[in-house]
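Per this note's numbering, the sequence shown starts with residue 7, numbered consecutively. For every residue, glycine included, the Cβ atom is placed at its ideal position computed from N, Cα and C.
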Amino acid sequence: MKNLAEELIKRGHTVTWFEYGFQKPDIPLPKGTKEIYVEVSTKNQNLRDLYEHRNHTFHELVWYEAEMDKGHQSNAWMASIELCDQLLSTRKTKQIFDTLVNKKFDAVVVDDLYNPCGLIHTGLQHSVFIYWSMTGLRTESAWANQSPSPPSYIPVYGTGYTDDLNFLQRGYNFLSYLKEIYIHQHLILRRIDKIAEKHYPNKTVEAFYMERNASINFVNHPPIFDFARPYMPRVNFVGGLHCRKARKLPPILQKFVDEANDEKGFILLSVGFTFQWKYAPRTVKINILEAFHSLPEIRFIWQYDGEPIANLPKNIHLAAWLPQQDLLGHPKCRGHISTGGINSVIESVWHGVPVIGWPLTIWGYDNLLRVTARHSGFMLDKKILSKQEWISAIHRIYIKYYKDEMLLFQDMVVDVPYTELNHSAFWVEFIHRHQEVPHARSGADELNIIQYFLIDVIAFLISCLILTLYVIYYLIKFTLKFIWFIITLPIRIIFGSGKTKGKEIPSKPTTPKSSTTPTKTATTTKATAPKPPTKHSPPKSGATIKIIPKTPESTAPTPTQRKNKPKAKKAD
């Protein structure tokens, strides 16, 4: 951001620089910048350890842990939110912040990483602003500007994947994508909303919509540095705006470099300010020192801020700070041992120097992967290497293949009709002139996650499909039954009538028709069950059948039958 501030000042703009923390940075701002630094105090020691360079436990952890904790980013966000809460909880510091809120700015540029107060400022002021993704187009950054990020081929930062994913990697990448979105939307942004509601209860500031309200999104790497991916029109790649041609080296460095072998040259080792050598394991420092000492034909420039080293070999130069771009741009620079800082890696590409990747964090690994996947360098597979492993890595970087691939990568990065610095300054002035870029927005800004991924539409279509299949099933079932009924109807009629003829239907006893004047009869008839037709004597139709039970002994009537036999009625 300092380079952009310097360029805007050169163009006649007034730049106000607002920053807060525990300790003011030592790096000076460009001349003409109006600086407002707010020092925040807290009793939370863990929070102080995260931000202070003195007694910094984080600096020590990155050297000893096998892998950087993947939850560090969310933890850092929570710590930054607490720091912002401390800023707004103190009357004096809150007054400074409110002064900035009430002041009218033509454009605001906000760092999107660990900067909740910056987001609250734009929400309270309702200003047009540029959201700057300092570490690249991360998953949550792409989600904020609605750039599509299909996890099928776009790796989530922190997974260590390229864009070539197998089935299991795509599954893990998808779960990582959901996790990152959930943490950012439901934990971080909601926590920012609570801080804003706590200190500004009468004003509505929704961090979710504030992120989406950015007029322009800056991404801190060149367009083709990352793996190929889609992005929205309001996304502008400005990575490398700090890159420049090499300048003359300080006398002590110039002398050291001039004495280097023309063929072997020198190799630069830099780890940045995040990793402090005073916390590095002794084994790491000894192995590096012995490996460098065993290669006297190669000169090494080592950015080192640890304890003094006695009997330093002549082919090694130590310095707490180095003009890195001036060294990378020197014609005798043969390689760069980098831990993967985004700006450091971009500088290596911009100057065409192959990289020996020494990642100490998972994020550094991801940044280096963008270079090693193009064969412009290679990656070391562990933090603590032996002396021989360091020697092998140094010999390997002299293979011409890596230099050729890096020069090809460099040509594609720098071959643009503009400089990134002019490009970024143009878009800031564009926002100043137009205040908004409505044509760069998409309808996705108004969609929630269910609508964005068409979950509601897919659920509706699946429901319709299930209902349609259900109806079709029962229609087919009914049709088949009906067809079977029609086909079997003649057969049932034919065979059904034959069966009816073969059955004997018992006739009901006829009752005499009653005359007009009913008369009584003295004759009584004993009710008997009809006898079924026999095989030899089929009954005649309409005949009345009298059944006489047959006994085994004789067919003659029994005494009981004779006794109960009705007597014949005498004729009158």
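| request: Note down, one range per segment and in chain order, each beta strand (DSSP E) of at least 3 residues found wholly within the stretch 376-402. | output: With a minimum length of 3 residues, the continuous beta strand (DSSP E) runs that stay inside the stretch 376-402 are 383-385.
Assuming His323 and Phe384 make a contact with CB atoms under 8 Å, what is their CB distance in whole Å? Here residue 323 corresponds to residue number 317 of the sequence shown, with the count starting at 1. Here residue 384 corresponds to residue number 378 of the sequence shown, with the count starting at 1. Not really, about 24 Å apart at Cβ, beyond 8 Å.
| request: Mark Ile87 as exposed unless 16 or more other C-beta atoms lie within 10 angstroms of its C-beta, in which case mark it buried. | output: Mapped onto the sequence shown, residue 87 falls at position 81. Buried, by the Cβ-count rule.
Exercise. With DSSP collapsed to three states, give me the class of His190.
Key: Along the sequence shown, read from residue 1 onward, the residue named residue 190 stands at position 184. Reduced to three states, the DSSP call for His190 is helix.
Same chain, Cβ closer than 6 Å to Tyr1, neighbours up to 5 away in sequence not counted: For the chain, the structure presents residues 7 to 578; residue 1 sits outside this window and is missing.
(message) Bridge partners for Phe491 per DSSP, in chain order?
(response) What you label residue 491 is simply residue 485 of the sequence shown in a count that begins at 1. Looking at the DSSP assignment, Phe491 forms no beta bridge with any residue, so it has no partner.
- prompt: Pick from Tyr237, Leu334, Val361: whose alpha carbon is nearest that of Leu255?
  reply: Locating residue 255 in the sequence shown gives position 249, counting from the first residue. Of Tyr237, Leu334, Val361, the smallest CA-CA separation from Leu255 is found for Leu334.
| message | With a threshold of 8 Å, are at least 3 pairs of Cβ atoms found where one atom belongs to the stretch 143-151 and the other to the stretch 209-226? | response | The stretch 143-151 vs the stretch 209-226: in contact.
If you reduce the DSSP assignment to three classes, tell me which class Ile478 lands in. Taking the sequence shown and counting its residues from 1, the one referred to as residue 478 is at position 472. Looking at Ile478 - three-state DSSP - the assignment turns out to be helix.
Roughly how many angstroms lie between the CA atoms of Phe459 and Ser155, to the nearest whole one? The sequence position of residue 459 within the sequence shown is 453, counting from 1. The sequence position of residue 155 within the sequence shown is 149, counting from 1. The C-alpha of Phe459 lies about 11 Å from the C-alpha of Ser155.
- Query: Going by DSSP, what residues sit across from Tyr137 in a beta bridge?
  - Reply: The residue you call residue 137 lines up with position 131 of the sequence shown. Val116, Asn223, per the DSSP bridge assignment.
From Arg235, Gly271, Gln416, Ser448, residue whose alpha carbon lies closest to that of Pro161
Taking the first residue of the sequence shown as 1, we reach residue 161 at position 155. Ranking Arg235, Gly271, Gln416, Ser448 by Cα distance to Pro161 puts Arg235 first.
Does Ala286 pass the burial test, meaning 16 or more other C-beta atoms within 10 Å, or should it be called exposed? For this step, residue 286 is matched to residue 280 along the sequence shown. Ala286 counts as buried, since no fewer than 16 other beta carbons sit within 10 angstroms of its beta carbon.
Q. Rounded to whole angstroms, how far is the Cβ of Gly347 from the Cβ of Gly363, which I believe are closer than 8 Å?
A. Sequence index remark: in the sequence shown, residue 347 carries index 341 (1-based). Sequence index remark: in the sequence shown, residue 363 carries index 357 (1-based). Contact doesn't hold; Cβ gap of about 11 Å is too wide.
- request: Output the residue ranges of the alpha helix (DSSP H) runs that lie fully inside the stretch 251-330 and measure 4 residues or longer, sorted by chain position.
  value: Here the runs fully enclosed are 257-264, 288-299.
query = Alpha carbon to alpha carbon, what distance is there between Thr280 and Val591?
reply = The structure shown does not extend to residue 591, since the chain is modelled only from 7 through 578, so no value can be given for it.
**Item:** Ile500 versus Leu473: straight-line alpha-carbon distance, rounded
**Value:** In the sequence shown, counting from the first residue as 1, residue 500 sits at position 494. In the sequence shown, counting from the first residue as 1, residue 473 sits at position 467. Their backbone Cα atoms lie some 41 Å apart in a straight line.
Just list the residues that DSSP pairs Ile126 with in beta bridges. If you number the sequence shown from 1, residue 126 lands on position 120. In DSSP, Ile126 forms no bridge with anything.
- Message: Could you check whether Ser382 and Tyr408 sit closer than 8 Å to each other, using their CB atoms as the reference points?
- Response: As a first step, residue 408 is located in the sequence shown; it is residue number 402 there, counting from the start. As a first step, residue 382 is located in the sequence shown; it is residue number 376 there, counting from the start. With respect to the 8 Å criterion, Tyr408 and Ser382 are classified as neighbours on the basis of their beta carbons.
Query - Residues near Ile397 by beta carbon distance below 6 Å, same chain, minus five either side - result: Translated into positions along the sequence shown, residue 397 becomes position 391. Excluding sequence neighbours, Ile397 sits near Ala297.
Check: For the candidate residues Arg340, Met216, Ala450, Gly358, whose alpha-carbon lies nearest to that of Gln416?
Finding: Against the sequence shown, residue 416 aligns to sequence position 410. Closest by alpha carbon: Gly358.
### Spatial neighbours of Leu301 in its chain, beta-carbon cut-off 8 Å, leaving aside the 5 residues before and after
Here residue 301 corresponds to residue number 295 of the sequence shown, with the count starting at 1. Closer than 8 Å at Cβ, skipping near neighbours: Asn321, Ile397, Ile400.
- Query: So does the stretch 239-259 actually touch the stretch 442-453, counting three or more Cβ pairs closer than 8 Å?
  - Reply: Yes: at least three Cβ pairs fall under 8 Å.
- Spatial neighbours of His438 within its chain, please: CB distance less than 6 Å, with the 5 preceding and 5 following residues excluded, ordered by chain position. The residue given as residue 438 occupies position 432 in the sequence shown. Closer than 6 Å at the Cβ level, and outside the excluded window around His438, lie Asp112, Ala113.
Coarse secondary structure for Gly177, derived from DSSP in three states: Numbered from its first residue, the sequence shown carries residue 177 at position 171. If DSSP states are grouped into helix, strand and coil, Gly177 belongs with the helices.
According to DSSP, simplified to helix, strand and coil, what is Val434? Start at 1 with the first residue of the sequence shown, and residue 434 comes out as number 428. DSSP places Val434 in helix when its eight states are reduced to three.
Who are the near neighbours of Leu94 in its chain, counting only those whose CB is closer than 6 Å to its CB and skipping five residues on each side? Counted from its first residue, the sequence shown places residue 94 at position 88. Excluding positions up to five away in sequence, the list reads Lys100, His205.
- prompt: Less than 8 Å separating the beta-carbons of Glu45 and Phe28?
  reply: Here residue 45 refers to the residue found at position 39 when the sequence shown is read from its first residue. Here residue 28 refers to the residue found at position 22 when the sequence shown is read from its first residue. Yes.
(request) Could you name the residues that DSSP lists as bridge partners for Leu351? (result) The residue you call residue 351 lines up with position 345 of the sequence shown. Sequence inspection shows Val at residue 351; the Leu mentioned does not correspond to that position. In the DSSP assignment, Val351 is bridged to no other residue.
| field | Length of the line joining the Cα atoms of Glu265 and Ser354 | value | In the sequence shown, counting from the first residue as 1, residue 265 sits at position 259. In the sequence shown, counting from the first residue as 1, residue 354 sits at position 348. Cα-Cα distance, rounded: 23 Å.
Counting along the chain, where does the beta strand (DSSP E) carrying Glu45 start and finish?
-> What you label residue 45 is simply residue 39 of the sequence shown in a count that begins at 1. For Glu45, the enclosing beta strand (DSSP E) stretches over residues 40-45.
Do the stretch 189-199 and the stretch 477-492 meet, that is, are 3 or more Cβ pairs less than 8 Å apart?
Too few Cβ pairs lie closer than 8 Å, so no.
Quiz item: Using the C-alpha atoms, what's the distance from Ser430 back to Phe24?
Solution: Start at 1 with the first residue of the sequence shown, and residue 24 comes out as number 18. Start at 1 with the first residue of the sequence shown, and residue 430 comes out as number 424. Rounded to the nearest whole angstrom, the CA to CA distance from Phe24 to Ser430 is 19 Å.
I'd like the span of the alpha helix (DSSP H) that includes Phe231, first residue to last.
Here residue 231 refers to the residue found at position 225 when the sequence shown is read from its first residue. The continuous stretches of alpha helix (DSSP H) do not include Phe231, and DSSP gives it neither H nor E.
**Study point:** For Gly335, three-class secondary structure by DSSP
**Key:** Working through the sequence shown from its first residue, we reach residue 335 at position 329. In the structure shown, Gly335 sits in coil (DSSP, three-state: anything other than H, G, I, E or B).
Outcome for Phe466 when other beta-carbon atoms lying within 10 angstroms are tallied against a minimum of 16: Your numbering for residue 466 matches position 460 in the sequence shown. With fewer than 16 Cβ atoms within 10 Å of its Cβ, Phe466 is classed as exposed.
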